[in-house]
Amino acid sequence: MNSVYVPSTTGWISFSLCFFGWAVFELVVNLRLWNADSKNHDRLSRYLIIAAVLAAFSLAVLATRLHAFDLRLFRPQVFYWGLTLMLTGLGFRWVAIRQLGRFFIPEVAIQPGHRIMDQGLYHFIRHPSYTGTFITIVGYGLALTNWLSLAVMLLGSGVAYAYRIRLEEAALLEAFGDEYRAYMRRTKRLIPFVW
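Basically the working numbering = 1-based index in the sequence shown + 22.
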């Protein structure tokens, strides 16, 4: 019995392109070199995220075999909404990375000349690249059309990113003090105007 639901050959090709496009995008992002002069605060969070997301992916696909958790209503539509969210999340993350420019690196680190970005997406939320990642993760979970798969993706990735965000904000508070506190007061963490 097939575990991952795909409504058509076109759906399978679309899902594969989205998934592998995401994998290549993240590989390129994670291969960016960090500045040796940076003050590193990462505490291996980069590797925790990679491990957590890979484990969540694997468990989410395995969860599709538990058909009691399958989405039954509007299943083909949910599949394509999931793909749309995956692409939307990737686009959102790409824009956030471009806006941060040379200050975006895979590790939590304060670089020489570092400043607080409060333009573009960063005007509303402090971690828009992570918001993009979560949109992509929700899309992937929905494309699997299984509630348990979606929950596994969110929980597995959520724990790792919560740790990473805590480290990142502590490093920025240490480096920028009151300036970053003021930025925290006027912005939300991941969801504009909400949280």
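Virtual Cβ for every residue (Gly too), placed ideally from N, Cα, C.
For residue i, which residues does DSSP report across the bridge?
{"i": "N168", "result": "D92"}
{"i": "I147", "result": "K210"}
Run the CB neighbour count on residue i, radius 10 Å, all protein chains shown included, and call it buried at 16 or more, exposed below.
{"i": "W34", "result": "exposed"}
{"i": "V216", "result": "exposed"}
{"i": "H89", "result": "exposed"}
{"i": "G178", "result": "buried"}
{"i": "Y183", "result": "buried"}
{"i": "V50", "result": "exposed"}
{"i": "P214", "result": "exposed"}
Have a look at the options and flag the residue whose alpha-carbon is nearest the alpha-carbon of residue i.
{"i": "G163", "options": "L53, Q133, A78", "result": "A78"}
{"i": "L195", "options": "L49, S38, G161, A131", "result": "A131"}
{"i": "C40", "options": "Y144, D200, L105, Y152", "result": "L105"}
{"i": "H145", "options": "L122, F96, S179", "result": "L122"}
{"i": "R137", "options": "W169, A90, F125", "result": "F125"}
{"i": "I119", "options": "V100, Y152, F96", "result": "Y152"}
{"i": "A85", "options": "V26, T31, D140", "result": "V26"}
{"i": "F47", "options": "R188, G113, G180", "result": "G113"}
{"i": "W44", "options": "R97, A82, I159, I71", "result": "I159"}
{"i": "E190", "options": "T167, Q133, L166, N168", "result": "Q133"}
{"i": "R115", "options": "G142, P150, A192, F101", "result": "P150"}
Start and end of the alpha helix (DSSP H) containing residue i?
{"i": "F126", "result": "Premise fails: F126 is in no alpha helix (DSSP H) and is neither H nor E."}
{"i": "I35", "result": "31-52"}
{"i": "S67", "result": "67-85"}
{"i": "F101", "result": "97-122"}
So, with DSSP's three-state summary, where would you put residue i?
{"i": "I132", "result": "strand"}
{"i": "G154", "result": "helix"}
{"i": "D59", "result": "Interpretation of D59 is limited by its pLDDT of 49, a score under 50 that renders its predicted location unreliable; no figure is taken from the coordinates."}
{"i": "S179", "result": "helix"}
{"i": "F198", "result": "helix"}
{"i": "Y185", "result": "helix"}
{"i": "R137", "result": "coil"}
{"i": "V26", "result": "coil"}
{"i": "V160", "result": "helix"}
{"i": "V216", "result": "coil"}
Report yes if the C-beta of residue i is less than 7 Å from at least one heavy atom of the ligand SAH; otherwise report no.
{"i": "S36", "result": "No copy of the ligand SAH occurs in the structure displayed, which carries no ligand at all."}
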